[in-house]
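Novice: Questions regarding the structure given below will be posed in turn.
Residue numbers (the numbering used here), protein chains in the order written: chain E, 1 to 517; chain D, 518 to 678.
This is the structure we're talking about:
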């Protein structure tokens, strides 16, 4: 019987040479006459070990990594096909502490098998949520999601059930479900990993949403920076439709739900929901005024559920195991789990799904193993380019939406970017403004003009020109942007700037004055 | 006598005519054109406008709003360097400077031999393997300046082959 060998096809694994590793394994097996079945799976999210190869053995799956083509002959020599000892051996995959200590609900299936294999998906609990949902009334499905306590994982943390309920109760001949897959935040890749590694979970989550609120058409708005996810999603939709999970008779229910994936075009602002809808309609991605809410007047003016990938991918497990099951994870008003993404200057970067309530210390050191450079971790940007830079003194605050907003920080989409002490926080503050200027849609003045003026003021501070007065000016500008911007881009770009100013003043005043003197 | 239709117009027609009935067709049409032609030629704007009953100004507005769309033919390969924070934390600022020097061009420009067009990108979702670049449709992780030179050398060799 052939032995199953797994080599990931995830973008990050590919970026580290997984394709060549897979080819080397296939060639070496052929040369030795070894009977193997090579499966390209999603990534387990242990990126410092990628390309991570797994072998199916009677004792369970055994992992080796990081495996480069040059390591392949010695792996065969060591008998890795039967779990043999080797310098790169990591033991039973499920027992690797980094994985074992997680609470994977949403990302549970990533890496288990071929992402596009329908049998694999079904064998690991796939479609159970949808099967339950089609047997329930729309209102009961919405009730289950509301009870789970799930809040929008894109960053805004708005209760998903309430959003769905509005769409359910808004009459309309045509309603839509839109998935926001414009994962533009630096330091995040959980959407990408799910779409590449377990795409049917998203298909299932969106279909449940459609069945629940009475929407018959879904769109996934995917960023153009994710070419692999695009291919995977298109194929997943085709196969799911052929198998009757999409189309005019969803799971035998007689209900219709069609799904299409659309590509964005490199505009960060299109992660803002109303701008995304404009873009889907074929227009410039200019932010809309709210109200009307998209739930009432969304895509093409019709009632629309618009949710992030992770929110929608959390729905199948909620419908499969019940809202109460999901609700039992987490703390305070932050219920369930969040796939955190450990990135930047860390020894062990990757995906860590945990219930809310753990701390940065746990993520950065217990999971992340400290900085990659070996220098002290100086600052961590949490929640993407609009998130605050968190100093070490706050590394013990529980990751909970409310606890974070109390210190003017945000969890957002769960991305952490670690910086060591070589970082210049004034440069980071300048970049936040520069990025906002590049990506501003231009609709409101505080964001459009403020970000450009902000970049200029930061330039002066960095050059040591009239530092104190310019810092005061910067704070005033931030105040205008925070309170006067139409959406979160201009409204939150001041967070990284102010947090840098407040927590790392030494990078602004003293050094600059000294440099200029 | 009817003027001959330029080949570029025929090519664009073939790419966008099947998409006329797609709801919100502007972006899908522009993607089809850029994927097929390599960029969005000036001829495309009035053609899309006519088919979607939009003004040319509206279509022009859409093309210019999105960073992804190019108005001129790129080099043989497109290399994007991630400028975002996670990559910065692992040396992307130095990588950017190195890349511009090595290729002898700035962002949105093409190296003198026409082999590589350099672009900035804001996150490739490869943040745990930073710094990251994208070479055409492939992502490359942990790109040191030396690794960058290797990648470019491979591309140039390919271009010559």
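Using N, Cα and C, we set each Cβ at its ideal position, and we do this for glycine too.
Go through the region 237 to 318 of chain E residue by residue and report every complete run of the beta strand (DSSP E) that reaches 3 residues or more, in order.
Specialist: Here the runs fully enclosed are 258 to 263 and 304 to 308.
Novice: Cβ closer than 7 Å: which chain D residues qualify as neighbours of residue 227/E?
Specialist: Within 7 Å Cβ-Cβ: 654.
Novice: With a threshold of 7 Å on Cβ separation, who are the neighbours of residue 302/E within its own chain once the five nearest residues in sequence on each side are excluded?
Specialist: 172, 174, 175 and 176, listed in sequence order.
Novice: Could you give the C-beta distance for residue 226/E and residue 192/E, rounded to a whole number, given that I count them as a contact under 8 Å?
Specialist: Sure, about 6 Å apart at Cβ, within 8 Å.
Novice: Flag this pair as yes or no: are the beta carbons of residue 116/E and residue 90/E separated by less than 8 Å?
Specialist: No, Cβ-Cβ distance for residue 116/E and residue 90/E is not below 8 Å.
Novice: Which residues, in order along the region 477 to 506 of chain E, keep a beta-carbon less than 9 Å from a beta-carbon of chain D?
Specialist: So the close ones are 496.
Novice: Who are residue 594/D's beta bridge partners in DSSP?
Specialist: Residue 594/D is bridged to 633/D.
Novice: Would residue 109/E pass as a contact of residue 201/E if the rule is Cβ separation under 8 Å?
Specialist: In this structure, residue 201/E lies closer than 8 Å to residue 109/E by Cβ.
Novice: Could you tell me the alpha carbon to alpha carbon distance between residue 352/E and residue 194/E, rounded to whole angstroms?
Specialist: In a straight line, the C-alpha of residue 352/E is about 13 Å away from that of residue 194/E.
Novice: What residues from the region 266 to 284 of chain E come within 8 Å of chain D, judged by C-beta to C-beta, listed N to C?
Specialist: So the close ones are 266, 267, 268, 279, 280, 281, 282, 283 and 284.
Novice: Exposed or buried, which one is residue 35/E when buried takes at least 16 other CB atoms within 10 Å?
Specialist: Residue 35/E should be labelled exposed.
Novice: Taking only three categories from DSSP, how would you classify residue 359/E?
Specialist: Residue 359/E falls in the strand class under three-state DSSP.
Novice: Could you tell me whether the region 269 to 278 of chain E touches the region 241 to 255 of chain E, using the rule of 3 or more Cβ pairs below 8 Å?
Specialist: Too few Cβ pairs lie closer than 8 Å, so no.
Novice: List, in order along the chain, the chain D residues whose C-beta lies closer than 9 Å to that of residue 68/E?
Specialist: Going along chain D, no residue has its Cβ under 9 Å from residue 68/E, so there is no contact; the nearest lies around 12 Å.
Novice: What is the rounded straight-line gap between the Cα of residue 577/D and the Cα of residue 363/E?
Specialist: Residue 577/D and residue 363/E: Cα-Cα distance of roughly 46 Å.
Novice: To the nearest angstrom, how far is it from the Cα of residue 269/E to the Cα of residue 83/E?
Specialist: The alpha-carbon atoms of residue 269/E and residue 83/E are separated by roughly 48 Å.
Novice: Can you give me the C-alpha to C-alpha distance between residue 575/D and residue 122/E, rounded to a whole angstrom?
Specialist: Rounded to whole angstroms, residue 575/D to residue 122/E spans 46 Å at the Cα level.
Novice: Starting from the beta carbon of residue 385/E, find every residue of chain D whose beta carbon is closer than 9 Å, and list them in chain order.
Specialist: What residue 385/E touches in chain D: 601, 602, 639 and 640.
Novice: Anything in the region 41 to 56 of chain E with a Cβ closer than 7 Å to a Cβ of chain D? List those residues in chain order, please.
Specialist: Answer in chain order: 47.
Novice: If you count every other CB in all the chains shown that lies within 10 Å of the CB of residue 522/D, and 16 or more means buried, which is it?
Specialist: When all chains shown are included, residue 522/D counts as exposed.
Novice: Distance, Cα to Cα, residue 488/E vs residue 308/E?
Specialist: So the alpha carbons of these two residues sit roughly 15 Å apart.
Novice: Output the boundary residues of the beta strand (DSSP E) element that contains residue 382/E.
Specialist: Residue 382/E -> beta strand (DSSP E) spans 377 to 382.
Novice: Specify, as a first and last residue, the run of the beta strand (DSSP E) that residue 416/E falls within.
Specialist: Taken as a continuous stretch (DSSP letters only), the beta strand (DSSP E) holding residue 416/E covers 415 to 420.
Novice: Does the distance from the C-beta atom of residue 349/E to that of residue 80/E stay below 8 Å?
Specialist: Cβ distance not < 8 Å, so residue 349/E and residue 80/E don't count as in contact.
Novice: For residue 211/E, which of helix, strand or coil comes out of DSSP?
Specialist: Helix at residue 211/E.
Novice: Below 8 Å between beta carbons: does that hold for residue 166/E and residue 360/E?
Specialist: The answer is no: Cβ separation not under 8 Å.
Novice: Within the chosen definition, does the region 447 to 455 of chain E reach the region 419 to 439 of chain E through at least 3 CB pairs nearer than 8 Å?
Specialist: Output reads yes: the region 419 to 439 of chain E touches the region 447 to 455 of chain E.
Novice: Within 8 Å of any Cβ in chain D, is that where the Cβ of residue 455/E sits?
Specialist: Judged by the 8 Å Cβ criterion, residue 455/E is not in contact with chain D.
Novice: Are residue 419/E and residue 378/E closer than 8 Å when you measure CB to CB?
Specialist: Their beta carbons are under 8 Å apart, which means residue 419/E touches residue 378/E by this criterion.
Novice: Would you mind reading off the limits of the beta strand (DSSP E) that contains residue 37/E?
Specialist: From DSSP, the beta strand (DSSP E) with residue 37/E extends over 36 to 39.
Novice: Is there at least one Cβ from chain E nearer than 8 Å to residue 612/D's Cβ?
Specialist: Chain E contact via Cβ: absent.
Novice: Residues of chain D with CB under 8 Å from residue 345/E, in chain order?
Specialist: By Cβ distance, chain D contributes 606 and 607.
Novice: Hey, how far is the Cα of residue 265/E from the Cα of residue 183/E?
Specialist: When rounded, the distance between both Cα atoms is 12 Å.
Novice: From the DSSP output, in three-state form, read off residue 52/E for me.
Specialist: If DSSP states are grouped into helix, strand and coil, residue 52/E belongs with coil.
Novice: Would you list, in sequence order, the uninterrupted alpha helix (DSSP H) runs of no fewer than 4 residues that lie entirely inside the region 59 to 118 of chain E?
Specialist: If we require 4 residues or more, the alpha helix (DSSP H) runs fully inside the region 59 to 118 of chain E come out as 72 to 77 and 97 to 100.
Novice: What does the Cβ neighbour count give for residue 529/D, buried or exposed, with the cut at 16 atoms within 10 Å?
Specialist: Counting Cβ neighbours within 10 Å, residue 529/D comes out buried, since at least 16 surround it.
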